[in-house]
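For the sequence shown, the working numbering gives the first residue as 1, with consecutive numbering after it.
Comments concern the structure below.
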Amino acid sequence: MTSDAKLTPVSWNTHALLTRFALRSAEWDFLDIKCSVVPLQELLFAAGNALQKLVRRHAEMLAAKGCNAVPGMESLPDIVTPRGFLEALRLNPEFSIHYVRSLKLREVPADSPHDASRSGPPSPAYVPTPVGELISARRILSTFSDEPDWGIDQDLFLIPQYGYGPQPYGPPTGVSSQAPFHMAFFFEPRPLLWAMPSLRRNFMEERIRLFFALADLAFLRGIDYWGWRFTAWAMHYLQDLTQPYHARALPFSIFRLLKRLIRAGRLSGLAERHGNILRNRHMLFEAAVHWLLNDALKRGSHRKPVKALSHGNDWKAQDVNAVMKQSAKIVSRLAARVNAALETLMREPRLNDPSYSLDHDRSYRIDLTLPQAALDRPESFERFLSLVAVCLSEAGTVTRYAVRTGASSVVSDGA
Ligand SMILES: [Zn+2]
């Protein structure tokens, strides 16, 4: 390995690691069964009328939320092509389906920097997998639990035919435009929901139900590769909801919110006016967890969060909505404390600069700032790790729930 190669950012994305650790101690032999990589078109051809039915059910779910696509959207004649499939399900039609796998442990040098981007393949963090190659269910789940962050939910409110209506929050383009599909604010203070009713609107449950239904369809057609890949997609949204900044719009204490409100004079638009300030905290939290998990896998460090992920309190089968609310309740109640712990640990003055965007700052080095903060403030670091561990315990629980639910038609091990 040359020194240049060592500098190439190769690592694992956060969802891939959440899934990997969450399934580490799951004693399910089926996770190690290998299946062939199959192109999406093959499933679409094999699905027949069942796919049309599924698309119609999805349209009905969205219609119940007041989303009405242009008539005929759900019965496009080219639904058996990837683009037709994406359009019929009102996903980003420009999204590319890549056949890849995440890196194995031996393929990542311990000193390689992390690739903090979430744009997905092609990237040195992924290895192409040709059609027909064998890949384990475990690796499919891990690799593709990241996939919904690769652009499939971006820029959707700009497509009038899809009928999603006015965007409730987030910018119209780019990675944050996916927010109403990847965030859900079930437990905001009532005055905030009254002042900002759009915070009630999200499409997360519809996404989870859609991808579980597609997984079921694929397993029933015997195309396990896509059964696991769609299960991983549904899993992604459940994992997102265990991230405090995805489950809480304004993760501050009531006292702090009131102080800001008094200073600002009005509540309406508070989240928008604090755009970067909120987003910087969101990004810093994700960067910190990303680094902790990568470091845990490379060097076996930070046992607390990793243990929490693999040994959660798993529920018996429950409805998707009940599972979402249960984990969101725990995490959203913790959000203000997580945010305060992050601020105390990192002492990053730029967090409060509305003109600074951590998201766009490619020079920010979490691999330097977080270990230094841990050295300087070990008690704050321990406190932060403990709070992260509670969130990761929920992430582990929903990950295993997703596996049991997505594969329910093929797995009957009493799990
Ligand atoms: Zn996401």
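Note that the Cβ used here is the ideal one computed from N, Cα and C, for glycine as well.
From a predicted model like this one, the values you see are computed outputs, not experimental measurements.
- Bounds of any alpha helix (DSSP H) do not take in cysteine 35; it lies within the beta strand (DSSP E) bounded by 34-36.
- When the five nearest sequence neighbours on each side are left out, the beta carbons in the same chain lying within less than 6 angstroms of the beta carbon of alanine 288 are those of Leu370, in order along the chain.
- C-alpha of phenylalanine 85 to C-alpha of serine 96: approximately 12 angstroms in a straight line.
- Using a cutoff of 7 angstroms, the CB of histidine 236 counts as near ligand 1, since one of the ligand's heavy atoms is closer than that.
- Excluding its 5 nearest sequence neighbours in each direction, proline 172 has C-beta neighbours in its own chain below 8 angstroms: Asp155, Phe157, Leu158, listed in chain order.
- Taking every protein chain shown into account, the CB of aspartate 146 has 16 or more other CB atoms within 10 angstroms, so this residue is buried.
- Set against 7 angstroms, the gap from the CB of proline 148 to the closest heavy atom of ligand 1 is smaller.
- When DSSP states are grouped into helix, strand and coil, valine 70 belongs to the coil group.
- The residues Ser36, Val37, Val38, Pro39, Tyr99, in chain order, have a CB closer than 8 angstroms to that of valine 131 in the same chain once the five nearest residues on each side in sequence are set aside.
- Shown here, valine 131 sits in coil according to DSSP, grouped into three states, outside any helix or strand.
- Arginine 383 places its beta carbon less than 8 angstroms from that of alanine 341.
- Boundaries of the beta strand (DSSP E) harbouring serine 102: 100-102, taken from the DSSP string.
- For the pair leucine 392 and alanine 308, the CB atoms are nearer than the 8 angstroms cut-off.
- When distances are taken from the beta-carbon of histidine 302 to the heavy atoms of ligand 1, even the shortest one reaches 7 angstroms or more.
- Each residue's CA atom was taken as its position, placing proline 166 and lysine 34 some 43 angstroms apart.
- Within the same chain, and ignoring the five residues on either side of alanine 247 in sequence, the residues whose Cβ sits closer than 6 angstroms to its Cβ are Leu241, Ala328, Val331, Ser332.
- When secondary structure is reduced to three states using DSSP, serine 136 falls in the strand class.
- Using a cutoff of 7 angstroms, the CB of aspartate 155 does not count as near ligand 1, since none of the ligand's heavy atoms is closer than that.
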